[in-house]
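Scroll down for the structure; my scribbles are underneath it.
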Amino acid sequence: MTKGMKSLKQLTLNLTSMDLNSIKIICNNGEFAKNLTELNVAMNGIDSEGVKVIASCEHLTNLKSLNLYYNRVDSEGVNSIIHSKYLKQLTELNLGDNDNIGSDSVALLSSTDNLKHLQILELHENMIGSEGVKSLSNASLLNQITRLNLSCNDLCSEDVALLAKSENLKNLTELSLSRNVICSQGVKYLSESDCTLQRLRVLDLSENWLDEEALHFLSTSLNFENLTRLSLANNRFLQVLQPSDHDEMIKIFKQEGQSLKNLRYVDIFINENW
120 MTKGMKSLKQ
130 LTLNLTSMDL
140 NSIKIICNNG
150 EFAKNLTELN
160 VAMNGIDSEG
170 VKVIASCEHL
180 TNLKSLNLYY
190 NRVDSEGVNS
200 IIHSKYLKQL
210 TELNLGDNDN
220 IGSDSVALLS
230 STDNLKHLQI
240 LELHENMIGS
250 EGVKSLSNAS
260 LLNQITRLNL
270 SCNDLCSEDV
280 ALLAKSENLK
290 NLTELSLSRN
300 VICSQGVKYL
310 SESDCTLQRL
320 RVLDLSENWL
330 DEEALHFLST
340 SLNFENLTRL
350 SLANNRFLQV
360 LQPSDHDEMI
370 KIFKQEGQSL
380 KNLRYVDIFI
390 NENW
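Okay, so the sequence shown: first residue is 120 according to the numbering used here, each after it adds one.
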């Protein structure tokens, strides 16, 4: 290993067909692993045995970001992460699109007090469902999360209600709920929340079941007054969202109220009457 490799801080090995032995080679090289702050091993078919090796690596105490997207991690792997003595500095954890992660894994995550620095949590494409959202909503861990991705988790409006009632969202600045089955009632729940969503800057509601009523809730609630980016692509909006000029779209979103006064970007690509 070259001198330059030993000082490497960011390592990306996604889609490289890593096996357990490959992970052990990385983790057993202390001179190399001790400097890593970001480890991206997405799309490798890594199972919980591989995660256990990472979680038990005494050289990874400086790791801030761990990307395990699209692997085969299950609740056993999640358990290894939350009980690791060496991954306590994690600020970002991506567990998106792991078929074996469900509500039981989210319950484990929600129960931990070991990830005190975690700010970014990616749980998209895991089908965590209502039970997973319920666990998250009651978790003190959520207090420190600034970016939460729950896209493609088979969530409905009543699941959004659980989030809206949570008192643990005060630091959330980015929320992604795309590719679920949320209707305008879900947006209403968010708009009426008394639980401090005012720090929200980015909201992704694309590919749901929203109609024009959602626009009213978005534009009249003070919960959205600090939004700068809003995605409503692939919903059920009609002619109200058809102008081709982006600046004109922004004006339309601000017409009903002053809530969206800070909006700078809106995505309404391909909205139609289903």
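In this text, a Cβ means the ideal position worked out from N, Cα and C, and glycines have one as well. Keep in mind it's a predicted model, so treat the numbers as computed, not measured.
query	result
Residue(s) in a DSSP beta bridge with Q208	Paired residue(s): none; Q208 is not in a bridge.
Straight-line Cα distance separating L288 from L346	15 Å
Whole-angstrom distance between R191 and W393, CA atom to CA atom	For W393, the predicted model reports a pLDDT of 47, less than 50, meaning its position is unreliable and no value from the coordinates is stated.
Buried or exposed (CB count within 10 angstroms, at least 16 for buried), S256	buried
Own chain partners of L134 with C-beta closer than 8 Å, once the 5 adjacent residues on each side are dropped	A161, M162 and N163
Cβ separation of S350 and D330, assumed to be a contact under 8 Å, to the nearest whole Å	Not confirmed; about 16 Å, so no contact.
S254, buried or exposed, once every other Cβ within 10 Å from all chains shown has been counted against 16	buried
Three-state secondary structure (DSSP) of V279	helix
Span of the alpha helix (DSSP H), counted from its first residue to its last, around Y308	S303 to S310
Per-residue burial, I142 [other beta carbons within 10 Å of its own, 16 or more giving buried]	buried
Secondary structure of S199, DSSP reduced to three states	helix
Secondary structure of S378, DSSP reduced to three states	coil
Span of the alpha helix (DSSP H) around D223	S222 to S230
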